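Positions in the sequence shown are counted from 1; adding 13 to them yields my numbering.
The next block holds one structure in the form of structure tokens; read it before the comments.
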Amino acid sequence: MTMEQIDMRVRLGGLELKNPVMPASGAYDYFECNANVFPMSRLGAVMVKSVHRNPRSGNPAPRITEVLGGMINAVGIPSAGIEEFMSLRLPRYAQLETPVILSLSGNTPEHYYESAEIVANDARIGAIELNLSCPNVGTGLPFSSDPQLLRQTVSEVRRRTTLPLFVKLSPNVTSICETAQIAEACGADAVTIANTYRAMKIDISTQKPVLGNISGGMSGPAIKPQTLFLVYQAYKTLHIPIIACGGITCWQDAVEYLLAGASALQVGCINFVDPMAMAEIIDGLAHYMSCHGYRSLDEFRGNAQQ
């Protein structure tokens with residue numbers, strides 16, 4: 014099969030992507046550092062670093078530390094706030110020529126409602142992703158680990174916008190199937206599985222935590238087997254697409270997630286090591302499909318399910 018015969022399109026609610034690959038929120042600089050690495054139009058979508066309801070400075074330094082198999086971050090979502098983003102920063106994304114997914118964060122349910130009202134149904138936004146799972150903001154307890162808060166927040170945001178709505182879930186829960194089903198029942202068009210894992214590092218010289226926030230979220234290749242299993246579990250119980258996020262470093266990782274049932278893929282930590290990684294993953298997926306005679310992603314999505 015030739016590359017020209019391969020169709021990598023995927024639909025997430027009302028949003029169609031040319032391919033399933035996008036960055037994870039906060040994991041790629043489209044403009045200054047990586048502006049000319051490869052055309053952003055090659056990506057299925059671009060993901061905005063989470064925008065908070067109000068301006069915030071984030072967590073105290075140090076904010077990032079390397080660990081075996083990845084890194085721990087406790088950046089704390091510094092943000093200019095949703096009003097400034099929509100009026101001054103969003104217009105810049107139009108030059109990237111691919112759908113924009115806006116990640117929203119907040120400290121209270123009301124923050125999400127207010128941000129959703131400001132965004133409303135703005136045609137410049139392809140979809141909204143609710144970051145209900147960040148482990149290094151406020152108490153560190155993600156909204157998506159509390160079924161009542163999850164149900165309330167998703168339902169109320171859904172009432173305020175007709176844009177495709179994705180819900181980013183925490184892996185730090187007893188049952189990913191339960192939280193994913195709640196998100197679906199409350200109007201989510203897709204779920205992102207998952208965010209980072211609670212973690213810390215101690216400096217044995219100072220005998221104190223390395224991060225200014227003490228703990229943060231671990232990402233990187235070491236978490237892929239865990240998140241892969243979460244995607245595998247959730248696929249059996251959902252009727253909406255899964256966006257896989259966790260430890261993807263190469264096209265082989267991407268194929269594993271698709272075989273487990275994912276419809277789309279978010280690439281995070283590896284972008285800090287190799288800014289070409291996402292372009293290489295797109296090419297690798299196309300080559301895999303060509304070699305196996307697959308014309309579309311639907312032909313092998315979920316094939317690993319028993």
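All C-beta atoms, glycine included, are put in the ideal place defined by N, C-alpha and C.
Quick caveat: nothing in here was measured; it's all calculated off a predicted structure.
For residue i, which residues of its own chain have a beta-carbon under 6 angstroms away from its beta-carbon, when the five flanking residues on both sides are left out?
i, result
"residue 153", "For residue 153, the pLDDT reaches just 47, beneath the cut-off of 50, and the residue's location in the model is therefore unreliable, although a value from the coordinates is still provided. Closer than 6 angstroms at the Cβ level, and outside the excluded window around residue 153, lies no residue."
"residue 115", "61, 138, 141"
"residue 162", "156"
"residue 48", "none"
"residue 191", "none"
"residue 110", "54"
Comparing C-alpha positions only, which one of the options sits nearest to residue i?
i, options, result
"residue 210", "83, 277, 270", "83"
"residue 108", "144, 205, 52, 119", "52"
"residue 213", "161, 206, 85, 163", "85"
"residue 253", "16, 28, 15, 17", "28"
"residue 301", "274, 286, 284, 263", "263"
"residue 189", "167, 238, 244", "244"
"residue 72", "226, 297, 308", "226"
"residue 113", "146, 120, 224, 43", "43"
"residue 265", "105, 205, 166, 238", "238"
"residue 130", "22, 66, 54", "66"
"residue 269", "242, 74, 284, 247", "242"
"residue 164", "122, 298, 78, 187", "122"
"residue 297", "110, 261, 248", "261"
"residue 223", "87, 34, 22, 23", "87"
"residue 23", "77, 79, 275", "275"
"residue 120", "33, 146, 256, 105", "146"
"residue 77", "277, 230, 187, 291", "230"
"residue 206", "187, 183, 218", "183"
Measuring only the C-alpha atoms, how far is residue i from residue j?
i, j, result
"residue 63", "residue 139", "15 angstroms"
"residue 58", "residue 279", "10 angstroms"
"residue 282", "residue 40", "7 angstroms"
"residue 31", "residue 216", "45 angstroms"
"residue 134", "residue 177", "10 angstroms"
"residue 196", "residue 232", "23 angstroms"
"residue 100", "residue 132", "10 angstroms"
"residue 323", "residue 250", "Absent from the structure is residue 323, since the part of the chain shown begins at 14 and ends at 319."
"residue 258", "residue 156", "18 angstroms"
"residue 149", "residue 89", "For residue 149, the pLDDT reaches just 47, beneath the cut-off of 50, and the residue's location in the model is therefore unreliable, leaving the point undetermined."
"residue 228", "residue 185", "14 angstroms"
"residue 141", "residue 319", "32 angstroms"
"residue 293", "residue 267", "11 angstroms"
"residue 128", "residue 175", "14 angstroms"
"residue 203", "residue 220", "43 angstroms"
"residue 160", "residue 18", "44 angstroms"
"residue 286", "residue 234", "12 angstroms"
"residue 306", "residue 273", "19 angstroms"
"residue 15", "residue 46", "34 angstroms"
"residue 102", "residue 158", "31 angstroms"
"residue 317", "residue 248", "11 angstroms"
"residue 167", "residue 208", "17 angstroms"
"residue 79", "residue 240", "20 angstroms"
"residue 105", "residue 277", "25 angstroms"
"residue 26", "residue 74", "39 angstroms"
"residue 284", "residue 36", "8 angstroms"
"residue 124", "residue 304", "47 angstroms"
Take residue i and list the residues in its own chain whose beta-carbon comes closer than 8 angstroms to its own, dropping the five residues that flank it on each side.
i, result
"residue 171", "178, 199, 200, 201"
"residue 69", "89, 90, 91, 92, 94"
"residue 97", "68"
"residue 308", "14, 18, 19, 20, 302"
Need the endpoints of the beta strand (DSSP E) that residue i sits in, please.
i, result
"residue 116", "113-118"
"residue 258", "255-258"
"residue 138", "Neither: residue 138 is in no beta strand (DSSP E) and is coded neither H nor E."
"residue 101", "No beta strand (DSSP E) contains residue 101, which DSSP labels as neither H nor E."
"residue 77", "77-80"
"residue 83", "83-86"
"residue 23", "23-25"
Just to confirm my understanding: we take residue i, look at its own chain, exclude 5 residues before and 5 after, and list those with CB closer than 7 angstroms. What are they?
i, result
"residue 271", "310, 313, 314"
"residue 126", "169, 170, 173"
"residue 289", "50, 51"
"residue 144", "38, 63, 116, 117, 118, 181"
"residue 246", "189, 190"
If you follow the alpha helix (DSSP H) that residue i is in, where does it begin and where does it stop?
i, result
"residue 291", "290-305"
"residue 130", "122-132"
Taking 7 angstroms as the line, does the beta carbon of residue i fall inside it for any heavy atom of the ligand MG?
i, result
"residue 304", "In the structure shown, the ligand MG is absent, as is every other ligand, since no ligand is present at all."
Runs of alpha helix (DSSP H) wholly within the segment 151-207 (minimum 4 residues, chain order): Counting only runs of 4 or more, we get 160-173, 189-198.
Of all the alpha helix (DSSP H) runs that stay within the bounds of the segment 207-264, which reach a length of 4 or more residues? Note on the segment 207-264: whole alpha helix (DSSP H) runs with a minimum of 4 residues are 237-248, in chain order.
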